[in-house]
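As structure tokens, the structure follows; a few thoughts come after it.
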Amino acid sequence: MPTDFEILVIGAGQAGLSAGYHLRRLGLEPERDFLIVDHAPGPGGAWQFRWPSLTLTTVNRVHDLPGMSFAETLPPGSESAPAATAVPRYYARYEQEFDLRVRRQVSVEVVCDRTADGKRCDGRGEVLAAETDAAGILRVRGLINGTGTWEHPFIPVYPGAASFAGRQLHTREYRSAEEFRGKHVVIVGGGISAVQLLDEISQVTTTTWVTRSEPVFREAEVTPEAGRAWVAEVEDRVRRGLPPASVVSVTGLRWDDRLRAAERRGALHRLPMFAGIEPGGVRWADGTFQPADVILWATGFRSALDHLAPLRLRGPGGGITMTGRLATQVAVDPRIHLIGYGPSDSTIGANRAGRAAARELGEYLGLTGSPR
34 MPTDFEILVI
44 GAGQAGLSAG
54 YHLRRLGLEP
64 ERDFLIVDHA
74 PGPGGAWQFR
84 WPSLTLTTVN
94 RVHDLPGMSF
104 AETLPPGSES
114 APAATAVPRY
124 YARYEQEFDL
134 RVRRQVSVEV
144 VCDRTADGKR
154 CDGRGEVLAA
164 ETDAAGILRV
174 RGLINGTGTW
184 EHPFIPVYPG
194 AASFAGRQLH
204 TREYRSAEEF
214 RGKHVVIVGG
224 GISAVQLLDE
234 ISQVTTTTWV
244 TRSEPVFREA
254 EVTPEAGRAW
264 VAEVEDRVRR
274 GLPPASVVSV
284 TGLRWDDRLR
294 AAERRGALHR
304 LPMFAGIEPG
314 GVRWADGTFQ
324 PADVILWATG
334 FRSALDHLAP
344 LRLRGPGGGI
354 TMTGRLATQV
364 AVDPRIHLIG
374 YGPSDSTIGA
384 NRAGRAAARE
394 LGEYLGLTGS
404 PR
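All you need for this note's numbering is the position in the sequence shown, starting with 1, plus 33.
Rendered as structure tokens:
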């Protein structure tokens, strides 16, 4: 396989596949002009690792990739199929249909600046060198990063966490509510995954729900106008170099029949964050103690961007200042586009970001292939 390309796409999730599709539309050829690499063993992005009980009826929504309908790939009677099998099957068909030639299992360990002769340099190099674990060093002129967040789960630091005698796990490790039957589970987090797992687990055992701030529920469906307003709010943050806000902090939680049933069970009685963790449970600042066997941290993820650290993209506050039509282009280094970051950290946003990144980076690098 060649090691020199115009563009490297890291990640073959929704954003990466969308970028690959639009690079092809620009007339660029995979494995000649651009290369997509992915660390996972098979197609599906983060979907292939989701818990089995997350089905097509319980997931928020699976958005179509450009050029192919998800619904048309589903066999009859698969409406309640696990998302971890249905979505990867769709992605696999998509890769084949558009001949994207994703290279697996390839992890990009670090991206550095290099001069044309391959020597590392202190300033902006003529090429980017992506050092991988399975494909050597890939030399490219531009980079579209679609590594998402799944590989970077976030668990906040709380006093006494190391002393807890029970089990602690993150959403990423969750498989089934049955494994907690007969145990008291403290669920930490106010996002969509938190309330989905709270609903499941509270049907088989006792739970305590704690969040940092009061959850905000919304009754109505999201209107296009509201969706655009939420995206604009997150986009404004990254254009100013601030760390992206969580989706739920902007959208709120959708009030549906499952949550109504959870409320009737008493599962939605929310408590503020505890002050510390003890061997047998959690304690609040007023002295209240809740015995617990399990603490489930449904506290979200952070962007998996550690491999880009040598490029010094982050500002003093930890954010990355973004520019471009859809805020995918890194302001301090226009050769680099981040998709699945900030306003594109959603399946529908990732589609649009893939298109914008492919077109803007193609223009910046002077790749003037005729759009198909």
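Don't be surprised by glycine CBs; every beta carbon is placed ideally from N, CA and C.
{"Item": "Ala360 Cβ short of 7 Å to the ligand FAD heavy atom set", "Value": "The model depicted lacks the ligand FAD and carries no ligand whatsoever."}
{"Item": "Straight-line gap, Arg131 to Ala52 (C-alpha atoms, nearest Å)", "Value": "Residue identity differs from the one stated: residue 131 is Phe in this sequence, not Arg. Approximately 12 Å, taken between the alpha carbons."}
{"Item": "Buried versus exposed, by CB contacts within 10 Å (16 or more), Pro121", "Value": "buried"}
{"Item": "Endpoints, the beta strand (DSSP E) within which Ile220 is located", "Value": "Val218 to Val221"}
{"Item": "Cutoff 7 Å; reference Ser235; Cβ partners in own chain excluding five residues on either side", "Value": "Ala295, Arg298 and Ala300"}
{"Item": "Classification of Thr240 by the beta-carbon crowding that lies within 10 angstroms, buried from 16 upward", "Value": "buried"}
{"Item": "Rounded Cβ spacing between Ala308 and Ala318 (contact assumed at less than 8 Å)", "Value": "4 Å"}
{"Item": "Helix, strand or coil at Arg335 [DSSP, three-state]", "Value": "coil"}
{"Item": "Local conformation of Ile234 per DSSP, three classes", "Value": "helix"}
{"Item": "Straight-line Cα distance separating Glu396 from Glu62", "Value": "16 Å"}
{"Item": "Simplified DSSP assignment, three categories, for Trp80", "Value": "helix"}
{"Item": "Three CB pairs or more closer than 8 Å across the segment 324-340 and the segment 354-365", "Value": "no"}
{"Item": "Same chain, Cβ closer than 7 Å to Arg287, five either side skipped, listed in chain order", "Value": "Arg251"}
{"Item": "Rounded straight-line distance, which links the Cα of Glu211 to that of Asp232", "Value": "13 Å"}
{"Item": "Cβ-Cβ distance between Arg261 and Pro85 below 8 Å", "Value": "no"}
{"Item": "Between the CA atoms of Gly222 and Pro189 - distance to the nearest angstrom", "Value": "11 Å"}
{"Item": "Residues near Arg83 in its chain [Cβ-Cβ closer than 7 Å; skip 5 each side]", "Value": "Ala116 and Ala117"}
{"Item": "Start-to-end residues for the beta strand (DSSP E) that takes in Asp132", "Value": "Looking at the DSSP string, Asp132 is not in any beta strand (DSSP E), and its letter there is neither H nor E."}
{"Item": "Rounded straight-line distance, which links the Cα of Gly387 to that of Leu398", "Value": "16 Å"}
{"Item": "Residue burial classification, Cys154 (beta-carbon count within 10 angstroms, cutoff 16)", "Value": "The predicted position of Cys154 is uncertain, since its pLDDT is 49 and thus under 50; a value taken from the coordinates is nonetheless stated next. Under this definition Cys154 is an exposed residue."}
{"Item": "His370 beta carbon less than 8 Å from that of Ile177", "Value": "yes"}
{"Item": "Three or more C-beta pairs below 8 Å linking the segment 63-72 and the segment 191-207", "Value": "no"}
{"Item": "Simplified DSSP assignment, three categories, for Asp290", "Value": "helix"}
{"Item": "Per-residue burial, His55 [other beta carbons within 10 Å of its own, 16 or more giving buried]", "Value": "buried"}
{"Item": "Three-state class that DSSP yields for Gly175 in the structure shown", "Value": "strand"}
{"Item": "Member of Arg245, Asp37, Asp378 and Gly75 whose CA lies at the smallest distance from the CA of Ala45", "Value": "Gly75"}
{"Item": "Beta-carbon proximity check, Ile40 vs Leu394, cutoff 8 Å", "Value": "yes"}
{"Item": "Member of Ser379, Arg273, Thr321 and Pro343 whose CA lies at the smallest distance from the CA of Ala364", "Value": "Arg273"}
{"Item": "Start-end ranges of the alpha helix (DSSP H) lying completely within the segment 44-111, minimum 4 residues", "Value": "47-58"}
{"Item": "Residues sharing a beta bridge with Pro115, DSSP", "Value": "Thr88"}
{"Item": "Beta-carbon proximity of Ala389 to Thr361, cut-off 8 Å", "Value": "yes"}
{"Item": "Residue range of the beta strand (DSSP E) that includes Pro305", "Value": "Arg303 to Pro305"}
{"Item": "Alpha carbon of Arg385 to alpha carbon of Thr180, nearest angstrom", "Value": "16 Å"}
{"Item": "Reduced DSSP category for Tyr397 - H, G, I as helix; E, B as strand; rest coil", "Value": "helix"}
{"Item": "Cβ-based burial, Gly373 [other Cβ within 10 Å; buried from 16]", "Value": "buried"}
{"Item": "Residues of its chain near Thr36, where Cβ-Cβ distance is below 8 Å and the 5 sequence neighbours each way are ignored", "Value": "Ala168, Gly169, Ile170, Leu171 and Arg172"}
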